[in-house]
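Colleague: First the structure, then my questions, so here it is.
4 protein chains.
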Amino acid sequence: MDNLDDSGRGMKRKKTIVWDDPQINKRDAVSSLSGLYYLRSIRDGKISPPPAAKLIGYQIKEVDHGFAAFELQPGEHHYNPFATVHGGILSTLLDTTMTAAVITTLPQHITCSTVEIKVNFIKPVSAESKLVRCEAKIIHIGRKLATVEGRIKGINDELYAHGVSTCLIFKVN
Amino acid sequence: MDNLDDSGRGMKRKKTIVWDDPQINKRDAVSSLSGLYYLRSIRDGKISPPPAAKLIGYQIKEVDHGFAAFELQPGEHHYNPFATVHGGILSTLLDTTMTAAVITTLPQHITCSTVEIKVNFIKPVSAESKLVRCEAKIIHIGRKLATVEGRIKGINDELYAHGVSTCLIFKVN
Amino acid sequence: MDNLDDSGRGMKRKKTIVWDDPQINKRDAVSSLSGLYYLRSIRDGKISPPPAAKLIGYQIKEVDHGFAAFELQPGEHHYNPFATVHGGILSTLLDTTMTAAVITTLPQHITCSTVEIKVNFIKPVSAESKLVRCEAKIIHIGRKLATVEGRIKGINDELYAHGVSTCLIFKVN
Amino acid sequence: MDNLDDSGRGMKRKKTIVWDDPQINKRDAVSSLSGLYYLRSIRDGKISPPPAAKLIGYQIKEVDHGFAAFELQPGEHHYNPFATVHGGILSTLLDTTMTAAVITTLPQHITCSTVEIKVNFIKPVSAESKLVRCEAKIIHIGRKLATVEGRIKGINDELYAHGVSTCLIFKVN
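Residue numbers (the working numbering), protein chains in the order written: chain A, 1 to 173; chain B, 1001 to 1173; chain C, 2001 to 2173; chain D, 3001 to 3173.
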């Protein structure tokens, strides 16, 4: 992030996002041996994360069968008009982590998408909140549908937001 | 957006986000004569939108008492691993528009924040979807709480997502 | 409803619920020519409503393609500890009406069940509220899933509760 | 439950609900030394449960600070047209248990009501399901709002439904 003087209205801020061709992300996702393998390959830096991960800035930290954890360093570029992180950024982090928790259990050529998500916002996040961590685990998974829950917490275990979502499981080629 | 050759893994993409000091956004928000006046000032380019609006790329198009409409040009930088717009981006657009619809009715020094949001995803959005428009209107507003609903539609009126949220109304100085 | 003296703790109240063999309800539901035909047959008194309708006391008033309206006379037997109608009774009325709105569009041997429901409670209902009416209409219906919204209002159009739900569509024999 | 012959359409079923004057329930609720004391008094049979508890048939089994467990014996009178327990009955059980979990933490003259509830239905419940148990625990409680989650499980720990709700905390006299 750079600060640019714009004389009078304070310093302008700037951030550059770089991402890969999304068709490569898609090819990587579809060709992975399993959902867990795919997510671990991103975590280990073997394949690149999708553009939205670069735009928002979250990173996979842990994935296991039915479980995922992502982290985000909150920044000013995430702010709403009241100088705290926009709830939509937290929803995005929850959606990502909850979907990932479901994907960890799926074999190759099976994936899922979010049918609906519900998020409760408990406490504002700001750049001073340091790193926040979102953990999600599957509640129930059936043949067609899965439900999953997630929580965003800070370094001292304070709760910022929690969510639940319903995912549809389907074939992809 | 620029494309950079990274030899072999396709072209890298790049986008630079520029925003103002969020303390200026906050001062503008708090000092506005009313919520409606504040949102209209952003729409008319008199004051700058908050950083999240620059990061995600949505813009206010219309605001009236109990109603708001925002637009977003979907792009590749919004994509999840399956080369469609991440649901979290749509949740952010809905959250923004629904909160704005509530704010249109609030006097100076009264604002609201999202207690919880619930979003249903109906159809994937991609860069080929052209401009999408989110409209929100208040369902009910009381002294402490408001409920509001929103829908994201495309140019041909196809439905992409819909949501409902509960907002807490409070004083701010 | 009868009142019985129980000497000292006020009058005891009593209500007797009568219903039909649920296997008959099921046979009626499955053998109906269409969902709309089935619901109209209940509305017109040609076949009997399911036990839950008798227990809670709601009645079909109107059904059309993608739309349903049910009514409920709130009573003391619906009360929570604070002498207003239990939110669960309102959720049941919304769930019933929203599911019915989806069923109106389904042919014979296709039905739906509620995947998830979300209800906001706006204003308490009591026996003094007179008749309340719940109206629901489909938001979107696809091959596998439908979303639907509903509102409970009173005689003077005051809003008591509103909801949205996701239904799964499937074959039944 | 009695069965009555109605010649030809199978046996009619009958159930009689008996409850107390709801103003007594309200007086008991308001005058209790604390929320926990009030719920324990119902559990121990010292004061009577509200009418809705009698109508639906659920019973308090356990209450502790931030936690509640209720049980319900599913019966035919809870059935929807497909001869399984109506989702609204499960929503009522969840709403009751989740609200009770919040009430366990509140002092005299402070209570809460459900702002909104969200329920996912996982597996149908029928009379053959035997007793189902709903457990709820607080996720977060603040000065104005609390969030709470609950799950309905069977005897063998199978999951039937789960929910989350937001409650508003307020004074009552």
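C-beta atoms are modelled at their ideal positions from N, C-alpha and C, and glycine is treated no differently.
1. Taking Cβ positions, are residue 2047 (chain C) and residue 2060 (chain C) nearer each other than 7 Å?
2. Going by the beta-carbon positions, is the gap between residue 3153 (chain D) and residue 3077 (chain D) smaller than 7 Å?
3. Does the Cβ of residue 2197 (chain C) have 16 or more other Cβ atoms within 10 Å, making it buried, or fewer, making it exposed?
4. Pull up the distance between the alpha-carbon of residue 2056 (chain C) and that of residue 54 (chain A), whole angstroms please.
5. Going by other Cβ atoms of all chains shown within 10 Å of its Cβ, with 16 needed for buried, is residue 8 (chain A) buried or exposed?
6. Could you tell me whether the Cβ of residue 2153 (chain C) comes closer than 7 Å to any Cβ of chain B?
7. So residue 2065 (chain C) contacts chain D; which residues on that side make the cut at Cβ distance below 8 Å?
8. Which residue marks the beginning of the beta strand (DSSP E) containing residue 3089 (chain D), and which one marks its end?
9. Report the neighbours of residue 1115 (chain B) on chain D: residues whose CB is nearer than 7 Å to its CB, in chain order.
10. Can you tell me which of the three DSSP states residue 64 (chain A) falls into?
11. Quick check on this structure: which residue in C:2032, C:2099, C:2159, C:2087 has the alpha carbon closest to the alpha carbon of residue 2133 (chain C)?
12. What do you get for residue 151 (chain A), buried or exposed, if any count of 16 or more other CB atoms within 10 angstroms of its CB means buried?
13. For the beta strand (DSSP E) containing residue 2145 (chain C), list its first residue and its last residue.
14. Is the CB-CB distance between residue 2098 (chain C) and residue 2136 (chain C) below 7 Å?
15. For residue 3017 (chain D), decide whether its Cβ has a neighbour in chain C, counting only Cβ atoms nearer than 7 Å.
16. In angstroms with no decimal places, state the Cα-to-Cα distance between residue 1094 (chain B) and residue 123 (chain A).
17. Tell me, please, which residues DSSP counts as bridged to residue 2030 (chain C).
18. Please confirm whether residue 2096 (chain C) and residue 2063 (chain C) have their CB atoms less than 7 Å apart.
19. Give me the subset of the segment 2102–2126 of chain C whose CB atoms are less than 8 Å from a CB atom of chain A, sorted by chain position.
20. Check residue 1130 (chain B) in the structure and name its three-state DSSP category.
21. With distances taken Cα to Cα, identify the nearest neighbour of residue 1067 (chain B) among B:1050, B:1080, B:1039, B:1022.
22. Apart from the five residues on each side of it in sequence, which residues of its chain come closer than 8 Å, Cβ to Cβ, to residue 3145 (chain D)?
23. Under the three-state reduction of DSSP, which class applies to residue 17 (chain A): helix, strand or coil?
24. Hey, does residue 2159 (chain C) have any beta-carbon neighbour from chain B nearer than 7 Å?
25. What did DSSP end up calling residue 3056 (chain D) once you bin it into helix, strand or coil?
26. How far does the alpha helix (DSSP H) with residue 179 (chain A) in it extend, from its first residue to its last?
27. Spatial neighbours of residue 1075 (chain B) within its chain, please: CB distance less than 6 Å, with the 5 preceding and 5 following residues excluded, ordered by chain position.
28. At the level of alpha carbons, what is the spacing between residue 1003 (chain B) and residue 1035 (chain B)?
29. In whole angstroms, what separates the C-alpha of residue 2049 (chain C) from that of residue 2100 (chain C)?
30. When you check each C-beta in the segment 3127–3144 of chain D against every C-beta of chain A, which residues fall closer than 9 Å?
31. In the DSSP assignment, the beta strand (DSSP E) including residue 161 (chain A) goes from what residue to what residue?
32. What in chain C is Cβ-close to residue 1162 (chain B), meaning under 9 Å?
33. In chain D, which residues lie with their C-beta within 7 Å of the C-beta of residue 2076 (chain C)?
34. Check distances from the C-beta atoms of the segment 1026–1044 of chain B to those of chain A and list, in chain order, the residues that come in under 9 Å.
35. Hey, would you say residue 3118 (chain D) sits closer than 7 Å to residue 2118 (chain C), going by beta carbons?
Modeller: Reading off the structure:
1. No, the Cβ-Cβ distance between residue 2047 (chain C) and residue 2060 (chain C) is not below 7 Å.
2. With a cutoff of 7 Å on beta-carbon distance, residue 3153 (chain D) and residue 3077 (chain D) are scored as not near each other.
3. Residue coverage of chain C in this structure runs from 2001 to 2173, which leaves residue 2197 (chain C) outside it and unanswerable.
4. Those two C-alpha atoms are separated by around 52 Å.
5. Because residue 8 (chain A) sits at a pLDDT of 48, beneath the cut-off of 50, its placement in the model cannot be relied upon, and the point is left open.
6. Judged by the 7 Å Cβ criterion, residue 2153 (chain C) is not in contact with chain B.
7. For residue 2065 (chain C), no chain D residue has a Cβ inside 8 Å of its Cβ, as the nearest lies near 19 Å away.
8. Per DSSP, residue 3089 (chain D) belongs to no beta strand (DSSP E); it is in the alpha helix (DSSP H), 3087–3103.
9. Residues of chain D with a Cβ closer than 7 Å to the Cβ of residue 1115 (chain B) are, in chain order, 3145, 3166.
10. Per DSSP, reduced to three states, the secondary structure at residue 64 (chain A) is strand.
11. Checked all of C:2032, C:2099, C:2159, C:2087; the closest Cα to residue 2133 (chain C) is C:2159.
12. Counting Cβ neighbours within 10 Å, residue 151 (chain A) comes out buried, since at least 16 surround it.
13. Run containing residue 2145 (chain C): 2145–2153, per the beta strand (DSSP E) assignment.
14. Pairing residue 2098 (chain C) with residue 2136 (chain C) gives a Cβ-Cβ distance under 7 Å.
15. With 7 Å as the cut-off, residue 3017 (chain D) counts as an interface residue toward chain C.
16. Those two C-alpha atoms are separated by around 20 Å.
17. For residue 2030 (chain C), which the question treats as bridged, DSSP gives no partner whatsoever.
18. Judged by their CB atoms, residue 2096 (chain C) and residue 2063 (chain C) are not nearer to each other than the 7 Å cut-off.
19. Taking a C-beta cut-off of 8 Å against chain A, the contacting residues of the segment 2102–2126 of chain C are 2115, 2116, 2118, listed in chain order.
20. Here residue 1130 (chain B) sits in coil by DSSP.
21. Answer by Cα proximity: B:1039.
22. Once the five neighbours on either side are set aside, the close Cβ partners of residue 3145 (chain D) are 3115, 3166, 3167, 3168, 3169.
23. If DSSP states are grouped into helix, strand and coil, residue 17 (chain A) belongs with the strands.
24. Yes - at least one Cβ of chain B is within 7 Å of the one on residue 2159 (chain C).
25. If DSSP states are grouped into helix, strand and coil, residue 3056 (chain D) belongs with the helices.
26. Residue 179 (chain A) is absent from the structure shown; chain A starts at 1 and stops at 173.
27. So the qualifying residues of the chain are 1127.
28. Unreliable positioning characterises residue 1003 (chain B) in this predicted model, as indicated by a pLDDT of 49, which lies under 50. The coordinate reading is nonetheless provided below. Rounded to whole angstroms, residue 1003 (chain B) to residue 1035 (chain B) spans 40 Å at the Cα level.
29. Taking the CA atoms as reference points, residue 2049 (chain C) sits about 12 Å from residue 2100 (chain C).
30. Cβ contacts with chain A come from 3139, 3140, 3142.
31. Element bounds for residue 161 (chain A): 159–171.
32. Chain-ordered, the chain C residues with CB closer than 9 Å to the CB of residue 1162 (chain B) read 2139, 2140, 2147, 2149, 2164.
33. Here the neighbours are 3022, 3051.
34. Result list: 1026, 1028, 1029, 1030, 1038, 1042.
35. Using a Cβ distance threshold of 7 Å, residue 3118 (chain D) and residue 2118 (chain C) count as a contacting pair.
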